[in-house]
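One structure below.
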Amino acid sequence: MRKGKFPLSDLPAWCMLHSITFAGVEVASIEDRGLGLIAEKRLSNENGESPALLTIPRELVLSAAKIEEYAKESKDFCELLAAAGHQSLRRDALLFLLAQLILSSPDHDGGLGGSTAWTHYFKLLPTQVPVPTLWSASELSLLRGTSLEPAVIAKHSALEREFDHIRDVTADLPRWNRLIGTGAAITLDDWVLLDALYRSRSLALPTSGESMVPCLDLVNHSNPATAYFEENTQDEVVLLLRDGANLLEKHEVTIDYGHDKSPAEMLFSYGFVDPTSPARRIVLPLESMDDDPLAKAKLYVFGSAPTLKILDSETGVPEWDAPFVHLMCLNDEDGLNFQILQETDGSQHLRMFWQGLDVTEKAEDMETLIKRHELCQVFRLRAVTVVSGMIQRQLQALAAYDRNSGLAGDERPHIVQAASLLRDAEKDLFERTFQLLDNEKLQLLADESVKAYLSAVTSDAQQESIEDNDFS
C-alpha cells in the first residue's frame with residue numbers, strides 16, 4: 242500500500258502542535274545517514290548540568306500502554322488487536338503501525354476511525370530501511386557463510402507465517418479482510434517493512450519498556466555517543482548531553498544503540514556495522530545429528546532452540562557455549578535414556594534419565610552432570626568435534642563465496658561495505674575458535690581414558706568385521 246508523504250519542512254509545525262520541544266538542536270538531512278539531529282549552536286555539558294535537547298510527551302510514545310489506549314479509542318483497531326494481537330508487544334506494535342499505514346495512505350478510502358498524531362508522523366518514516374530482511378537477492382548473497390544467513394532466512398519465514406496468520410484470523414472481519422485479505426492492498430511486503438521500521442527504531446525506555454519515540458528515533462548512533470535518553474519525573478522522554486560532551490554548531494547529536502551488540506546484531510537490527518564496537522559475538526543454530534534415534538526426545542526435553550554461541554574475550558582467546566551439544570553427543574550406551582511416566586491424573590510426561598537419575602530439569606546443564614563420569618573426556622571430545630565441524634563448515638562457506646563471488650552490480654555500496662565488515666569480523670573469530678578447538682582435540686586425544694576408549698572401540702569393530710566375514 243502506498244504510504245503518505247510528510248515533508249521534513251512540516252515537522253516543526255507538527256512538533257509544536259503536539260508539544261515536542263527542541264532546545265539548541267534541529268532535524269536535518271545528514272550525508273550517508275539519512276535524517277539526524279544536529280546542534281544549532283555550540284553545546285556542552287562540562288559541569289554535569291545540561292537542559293534537555295529534546296522532550297517528547299508521554300502520550301506520543303508508542304508503548305504497550307499507548308497501544309491499549311488506542312484500542313479503546315478505535316473500535317476497528319480493537320477488533321484487529323483482539324483477533325491478531327496479544328501475542329507479543331512487537332506484534333501489537335506492528336498492528337498499530339499497520340493501522341497508521343492504512344490511515345496515512347492516499348489509497349485509503351475512509352473508515353478505521355480518525356487519524357492520530359502517529360498517523361501523520363508515520364508518513365515521515367522511510368520506505369527504505371537497510372536491514373537484511375529488505376535486501377535484494379544479490380545483496381543477501383553477501384551474507385553467505387555468516388551467522389546472519391540462517392537468521393535472515395528464519396526471519397523471512399517467520400514474517401510470512403505471521404502475515405498469513407493475520408490474514409486467516411481477520412477473514413471474518415469484513416473491513417480488515419477487505420484491506421488485508423488475499424489480493425488486497427496490504428501485502429506481505431508491507432508487513433516486512435513495518436517489522437523493519439519497528440526493529441530499527443524501537444528503544445528500551447527505563448519505565449515504559451520497548452517503545453518507539455517520535456523524533457528521538459531520528460537520532461543516529463555513534464560510539465562513543467554524545468547524548469543519551471531517559472524518562473523524567475513527568476514521564477516525558479528527554480534527550481540529554483552526556484557528561485563532558487562538547488558539540489560545535491552543525492555537528493551531529495548521537496546516541497548509543499548498544500555498544501555491546503555484535504556486528505551481526507547491529508546489521509540485523511539497524512542495517513550497519515559499527516567498526517569501532519569492541520563486541521565480538523556469533524550465534525549459530527545447532528542442528529541434531531541426522532542418525533540420532535533420540536534426537537526428537539532430546540529436543541523436546543531441552544525445550545528451546547539449540548544454539549552455538551562464540552564470544553571473544555579481552556585476552557583474544559574465544560569462548561564457546563552450546564549446552565545442547567553435550568546432550569546431543571550422548572546416547573543410550575552411555576547411560577542416557579527416556580521414559581514416559583504417567584501421573585495419577587492420567588497425564589503423561591516424557592522424562593530424561595542419566596545414569597538412572599531423572600535429570601529432565603537439568604537438560605541445559607549436561608556438561609556439569611557428565612563431568613563425574615569416567616568417560617567425561619570422551620564426551621568432551623565428541624562435543625568439541627561437533628563444534629569444530631560446525632565452524633569448519635562456516636569457514637568453508639565463507640571461503641567458497643570469496644572464491645566464486647562476483648557482484649551483480651545492483652548492490653548498494655553501503656550494504657556491500659556492511660556485509661564485508663561482518664564477514665571479516667566473523668571469519669577472524671571463526672578462525673581463532675577453530676584453532677582453539679583443534680588444540681583441545683589434540684590434548685583430548687592424548688588423554689589416557691580417551692586412548693583406552695578408542696582402542697576398545699577399534700578392537701570391537703575389528704572383531705565384528707571378523708565375525709561378519711566368518712558368517713559370510
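Numbers in the numbering used here are just positions in the sequence shown, counted from 1, shifted up by 241. In this text, a Cβ means the ideal position worked out from N, Cα and C, and glycines have one as well.
A contact between stretches requires three or more CB pairs, one per stretch, nearer than 8 Å, and the segment 521-537 fails this requirement with the segment 313-328. Ranked by Cα distance from Asp515, the first of Val524, Asp413 and Ala505 is Ala505.
For Tyr311, the three-state secondary structure derived from DSSP is helix. Here Ala666 has Pro504 and Arg521 as same chain residues with Cβ atoms under 7 Å from its own Cβ, once five neighbours each way along the sequence are excluded. No residue range can be given for His500, since it is assigned to no alpha helix (DSSP H) and is classified by DSSP as neither H nor E. In the DSSP assignment, Leu301 falls outside any alpha helix (DSSP H), carrying neither H nor E. DSSP places Asp606 in the helix class (H, G or I) of the three-state scheme. Between Ala649 and Ser379, the gap from beta carbon to beta carbon is short of 7 Å. For Met593, the uninterrupted beta strand (DSSP E) segment begins and ends at Gln589 to Trp595.
Rounded to the nearest angstrom, the gap between the Cα atoms of Glu401 and Arg331 is 15 Å.
For Leu278 against Leu459, the beta-carbon gap comes to about 6 Å, under 8 Å, which counts as contact. Going by beta carbons, His500 and Ala358 fall outside the 7 Å limit. Per DSSP, the unbroken beta strand (DSSP E) holding Arg522 starts and ends at Arg522 to Pro526.
Per the DSSP secondary-structure output, His462 pairs in a beta bridge with Ile496.
Within the segment 541-588, complete alpha helix (DSSP H) segments of at least 4 residues are found at 564-569, given in chain order. Straight-line spacing of the CA atoms in Leu435 and Leu568 works out to 39 Å. The beta carbons of Leu338 and Ser356 sit no closer together than 7 Å. Considered as a whole, the segment 242-266 harbours 252-258 as its complete alpha helix (DSSP H) runs of no fewer than 4 residues, in chain order.
Looking at the DSSP output, Ser452 sits in a beta bridge with Leu444. Of the residues assessed, Met257 falls on the exposed side of the cut-off, its CB having fewer than 16 other CB atoms within 10 angstroms.
Between Gly265 and Lys282 the beta-carbon gap is near 6 Å, inside 8 Å, which marks them as a contact.
Within the DSSP bridge table, the entry for Phe337 names no partner. The Cβ-Cβ distance between Leu322 and Leu336 falls below 7 Å.
Judged by DSSP secondary structure, Leu482 falls within the beta strand (DSSP E) whose first and last residues are Val478 to Leu482. Taking all protein chains shown into account, Tyr498 has 16 or more neighbouring C-beta atoms within 10 Å of its C-beta and is therefore buried. Around the CB of Gly544, fewer than 16 other CB atoms lie within 10 Å, so the residue is classed as exposed. Here the segment 444-461 makes no contact with the segment 426-433; the two share fewer than three CB pairs at distances below 8 Å.
With respect to the 7 Å criterion, Ala437 and Leu375 are classified as neighbours on the basis of their beta carbons. Proximity to Pro298 across Gly450, Gln328 and Cys456 peaks at Cys456, based on C-alpha coordinates.
Short of 7 Å from the beta carbon of Leu381, and not among the five residues preceding or following it, lie these beta carbons of its own chain, in chain order: Pro373 and Val393. In this structure, DSSP gives Ile611 a helical state, which the three-state scheme calls helix.
Inclusion of Leu284 and Leu488 in the CB contact set at 7 Å is warranted, their separation being smaller than that value.
Inter-residue distance for Pro347 and Val628 is about 53 Å (C-alpha atoms, whole angstroms).
Arg385 and Ala399 have their C-alpha atoms spaced approximately 20 Å apart. Annotated three-state conformation of Gly630 is helix, per DSSP.
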